[in-house]
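K.L.:
Residue numbers (our numbering): 51 to 345.
In this text, a Cβ means the ideal position worked out from N, Cα and C, and glycines have one as well.
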Amino acid sequence: MDLLSLAPGDEVVVRKSAGYHPSVWGDYFILHASPQTQAYVFNKFKDEGGSFMRILGSDVKGLLSLYNAAHLGTHREIILDEAISFTRNHLLSALGDLKPPLTIQVSLALETPLYRRMRRLLASDYIFIYQEDATRNEVILELAKLDFNILQSLHRQELKNISLWDVKAVHQLPEYMKDYFLKLIHAFEEFETLLALDEKYRLYYLKEAMKAVSKAYFEESKWCAQCYVPTLEEHLQVSLISIAYPMLKCASFVGMEEIATEEVFKWITSFPKIVQASAIIARIMNDITSNEVWS
51 MDLLSLAPGD
61 EVVVRKSAGY
71 HPSVWGDYFI
81 LHASPQTQAY
91 VFNKFKDEGG
101 SFMRILGSDV
111 KGLLSLYNAA
121 HLGTHREIIL
131 DEAISFTRNH
141 LLSALGDLKP
151 PLTIQVSLAL
161 ETPLYRRMRR
171 LLASDYIFIY
181 QEDATRNEVI
191 LELAKLDFNI
201 LQSLHRQELK
211 NISLWDVKAV
221 HQLPEYMKDY
231 FLKLIHAFEE
241 FETLLALDEK
251 YRLYYLKEAM
261 KAVSKAYFEE
271 SKWCAQCYVP
281 TLEEHLQVSL
291 ISIAYPMLKC
301 ASFVGMEEIA
311 TEEVFKWITS
321 FPKIVQASAI
331 IARIMNDITS
341 NEVWS
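1) Looking at A133: is its Cβ nearer than 8 Å to the Cβ of A120?
2) Is it true that the stretch 267–281 meets the stretch 166–173, where meeting means three or more beta-carbon pairs spaced less than 8 Å apart?
3) Could you name the residues of the same chain whose beta carbon sits closer than 7 Å to that of V263, not counting the 5 residues immediately before and after it, in chain order?
4) Which residues mark the beginning and the end of the alpha helix (DSSP H) in which M278 is found?
5) Return yes when the Cβ of E182 is within less than 8 Å of the Cβ of P163, no when it is not.
6) Would L196 and Y180 be called neighbours here (beta carbons separated by less than 8 Å)?
7) Rank Y255, E283, F321 and I338 by C-alpha distance to the C-alpha of G305 and give the top, closest one.
8) DSSP three-state label for K218, please.
9) How long is the line joining the alpha carbons of S340 and T281, rounded to whole angstroms?
10) In this structure, how does DSSP classify K250 when only helix, strand and coil are distinguished?
11) According to DSSP, is G146 part of a helix, a strand, or is it coil?
12) Please report the Cβ distance between T319 and A259, rounded to the nearest whole angstrom; I am assuming they are in contact, meaning their Cβ atoms lie under 8 Å.
13) Leaving out five residues on either side along the sequence, give the residues of the same chain with a beta carbon under 7 Å from the beta carbon of S328.
14) Under 8 Å between the Cβ atoms of F268 and L232?
15) Quick check on this structure: which residue in K299, A266 and K272 has the alpha carbon closest to the alpha carbon of V288?
16) Tell me the residue span of the alpha helix (DSSP H) that contains P296.
17) Does E188 have its Cβ less than 8 Å from a Cβ in chain C?
18) Rounding to the nearest angstrom, what Cα-Cα distance links E283 and Q207 in this structure?
19) When the Cα atoms are used, what is the spatial distance from E270 to M335?
20) Taking D109 as the reference, give the member of L148, I129 and D97 with the closest Cα.
21) For S174, collect the residues of the same chain with a Cβ closer than 7 Å to its Cβ; drop the 5 residues on either side in sequence, then sort them by chain order.
22) Restricting to runs no shorter than 4 residues, where is the alpha helix (DSSP H) found entirely within the stretch 124–201?
23) Where P322 and A310 are concerned, what is the direct C-alpha to C-alpha distance, given to the nearest angstrom?
24) Quick check on F231: does DSSP put it in helix, strand or coil?
25) Grouping DSSP H, G and I as helix and E and B as strand, with all else coil, what is H121?
26) Quick check on K155: buried or exposed, where buried means 16 or more other Cβ atoms within 10 Å of its Cβ?
27) Using the Cβ count rule (16 or more neighbours within 10 Å means buried), how would you classify T243?
28) From I330 to D337, what distance separates their C-alpha atoms?
29) Between L142 and L114, how many whole angstroms is the CB-CB distance? I'm expecting something under 8 Å.
30) Would you grab the beta carbon distance between L253 and F238 for me? Rounded to a whole angstrom, and I think it's under 8 Å.
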């Protein structure tokens with residue numbers, strides 16, 4: 051929607067982006083819309099009493115579209131909150147009577163709205179949904195499967211490469227990672243020369259902790275590249291590792307001579323509650339500071 055689509059004389063209102071990624075709010079309609087335009091889009095689904103029309107409850111696909119669209123709202127947009135509540139309740143009520151693949155679509159949306167999902171991961175679910183569609187195009191279906199499988203193979207290879215602990219593997223890494231990888235290998239070689247023979251097993255646990263941090267960074271970079279907004283659970287699973295606190299806890303025991311036994315390393319790398327709590331504090335403090343510095 052462009053400026054010409056607004057009614058003459060309408061006041062243009064710039065909506066708050068609520069801190070979401072710019073690509074989510076890149077459309078003109080999202081950034082600039084008159085109060086009349088915003089009200090018209092959703093008020094047309096309401097009856098004279100100001101409630102959403104009951105007849106909408108019988109159109110599951112329409113409800114699903116409205117539910118997903120309403121999640122593009124910003125804070126304090128009451129009409130969108132009402133739309134989410136109305137559509138969610140009706141979709142939950144209808145879920146037991148639906149048949150595949152519509153059941154899967156509704157269940158996925160209720161779990162996490164469409165616009166908050168990682169598109170590449172969602173593709174695997176929608177391939178199955180499209181496969182059950184009687185009007186499907188076999189060529190498009192086959193192309194979607196090939197595309198997903200090729201990308202999945204690429205990601206697996208990348209994970210394998212960053213998990214290797216062999217200096218020969220440096221040639222399989224992107225140019226910007228080579229120098230870091232070689233210095234990391236060199237640092238661990240120095241650790242090994244300083245440890246007694248019966249203490250060298252400690253490097254195995256530290257290497258595994260470093261690999262976990264690398265995988266967490268890799269996951270966060272994918273979220274950024276795909277403009278994906280993770281759920282709180284997804285965010286914590288990754289960010290509590292990427293903060294590197296668990297890895298540093300493991301590293302702190304490496305040079306403690308006979309005080310640190312192998313049982314200690316097994317315990318510390320099992321991510322016990324005390325380490326989880328410390329990681330949460332470190333994560334929150336880091337995020338608060340980053341927000342204060344860059345806001």
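P.N.:
Inspection of the coordinates gives the following:
1) yes
2) yes
3) I291, S292, A294 and M297
4) The residue asked about is misnamed: residue 278 is Tyr in this sequence, not Met. Premise fails: Y278 is in no alpha helix (DSSP H) and is neither H nor E.
5) no
6) no
7) Y255
8) In this structure, K218 counts as helix in the three-state DSSP scheme.
9) 20 Å
10) coil
11) Helix at G146.
12) 6 Å
13) Y295
14) no
15) A266
16) Y295 to V304
17) The chain labelled as chain C is not found in the depicted structure, where only one protein chain is given.
18) 26 Å
19) 18 Å
20) L148
21) Within the same chain, S174 has close Cβ partners F198.
22) 128–144, 152–161 and 169–181
23) 16 Å
24) helix
25) coil
26) A small fix is needed here, since residue 155 is Gln in this sequence, not Lys. That one is buried.
27) exposed
28) C-alpha separation (whole angstroms): 11 Å.
29) Their Cβ separation, rounded to whole angstroms, is 12 Å, which puts L142 and L114 out of contact at 8 Å.
30) 6 Å
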